[in-house]
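Peer 1: Residue numbers (the working numbering): 4 to 237. Even for Gly, the Cβ is constructed at its ideal location relative to N, Cα and C. Here the structure is a predicted model, which is why all the values come from computation and not from measurement.
(1) Between the C-alpha atoms of residue 77 and residue 105, what's the straight-line distance to the nearest angstrom?
(2) Rank 168, 187 and 180 by C-alpha distance to the C-alpha of residue 10 and give the top, closest one.
(3) With a cut-off of 8 Å on the beta carbons, I'd call residue 155 and residue 201 a contact; round off their distance for me.
(4) Report the partner residues of residue 156 according to the DSSP bridge assignment.
(5) I want to know whether the segment 32-49 touches the segment 74-89 - three or more CB-CB distances under 8 Å.
(6) Tell me which same chain residues have a C-beta within less than 6 Å of the C-beta of residue 159, skipping the five on either side of it?
(7) Between which two residues does the beta strand (DSSP E) holding residue 173 run?
(8) Leaving out five residues on either side along the sequence, give the residues of the same chain with a beta carbon under 8 Å from the beta carbon of residue 157.
(9) Between residue 102 and residue 196, what straight-line distance do the alpha-carbon atoms span, to the nearest angstrom?
(10) Quick check on the DSSP output: what are the complete alpha helix (DSSP H) runs of length 4 or more inside the segment 7-92, in order along the chain?
(11) With distances taken between CB atoms, is the gap from residue 88 to residue 54 smaller than 9 Å?
(12) Would you please state the rounded distance, in angstroms, between the beta carbons of residue 15 and residue 27? I believe it to be under 8 Å.
(13) Cβ atoms of residue 137 and residue 171: under 9 Å apart, would you say?
(14) Would you give the residue range spanned by the alpha helix (DSSP H) that residue 187 belongs to?
(15) Relative to the C-alpha of residue 86, which residue among 93, 66, 194 and 5 is closest?
(16) Measuring CA to CA, which of 38, 30, 18 and 95 is closest to residue 61?
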């Protein structure tokens, strides 16, 4: 229930549809929760443990998404500790289980990043600083794959590294340029269309033609940055 209330609160604060945002009543009705229950939750002061859990969930989701949804409890815990969090694997497991975030173990994998050694890299505006102090400073792009009943699908995501929220995504049966371009278009629309100067960090891979991707990025007035690493985890 807390996850539903959190979603309603986030949607109120930063509505997906800016021109016609959902009201609390509409969201409560659609999600089958009571308005009184939501407002009771809003008025109740969260405990220190709940506040820490929320912060950890933001970090865990970012690590999990930027790993291509492959990292499980051990690697997520290791990355949290590298960032200075004092956290146990048991707590990470509980938070990942509560949000249905699962890592991969022992499965055959599809290679989504094939480094193009001959490609010229874009300028490094990020300089390994993946903790911006404001929204719309640095976005992270990645491609992962999904197993479905009809075969493999590929999903491109765009994450704002300030909030660690997925602000754009696209799904297709191919890894052509349009996959990334469509995710960027959604991210741009989500942030109101004015994203001039945003740094877009992505894999330096040949699975999507680099020149075409850079053109798609510049069409949004972002600054492209190529990384040799997988997502932003290095």
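Peer 2: In brief:
(1) Start at 1 with the first residue of the chain shown, and residue 77 comes out as number 74. Start at 1 with the first residue of the chain shown, and residue 105 comes out as number 102. Approximately 12 Å, taken between the alpha carbons.
(2) On the chain shown, position 7 is the one that residue 10 refers to. For the residues 168, 187 and 180, the minimum Cα distance to residue 10 belongs to 168.
(3) One-based indexing of the chain shown puts residue 155 at position 152. One-based indexing of the chain shown puts residue 201 at position 198. About 30 Å; that fails the 8 Å criterion.
(4) If you number the chain shown from 1, residue 156 lands on position 153. Residue 156 pairs with 149.
(5) no
(6) Here residue 159 corresponds to residue number 156 of the chain shown, with the count starting at 1. Once the five neighbours on either side are set aside, the close Cβ partners of residue 159 are 146, 173, 182, 183 and 186.
(7) In the chain shown, counting from the first residue as 1, residue 173 sits at position 170. Looking at the DSSP string, the run of the beta strand (DSSP E) that includes residue 173 is 168-175.
(8) Looking up residue 157 in the chain shown gives position 154. Hits under 8 Å: 115, 146, 147, 148, 149, 174, 175, 176, 177, 178 and 182.
(9) Counted from its first residue, the chain shown places residue 102 at position 99. Counted from its first residue, the chain shown places residue 196 at position 193. Distance between the alpha carbons of residue 102 and residue 196: 30 Å.
(10) 27-33, 38-46, 51-69 and 76-85
(11) Within the chain shown, residue 88 is the residue found at index 85, counting from 1. Within the chain shown, residue 54 is the residue found at index 51, counting from 1. No.
(12) Taking the first residue of the chain shown as position 1, residue 15 is located at position 12. Taking the first residue of the chain shown as position 1, residue 27 is located at position 24. Confirmed, Cβ separation roughly 7 Å.
(13) As a working note, residue 171 is residue 168 in the chain shown. As a working note, residue 137 is residue 134 in the chain shown. Taking 9 Å as the Cβ cut-off, residue 171 and residue 137 do not qualify as a contacting pair.
(14) The sequence position of residue 187 within the chain shown is 184, counting from 1. Per DSSP, residue 187 belongs to the alpha helix (DSSP H) from 180-193.
(15) If you number the chain shown from 1, residue 86 lands on position 83. Out of 93, 66, 194 and 5, 66 has the C-alpha closest to the C-alpha of residue 86.
(16) Mapped onto the chain shown, residue 61 falls at position 58. The shortest Cα separation from residue 61 among 38, 30, 18 and 95 belongs to 95.
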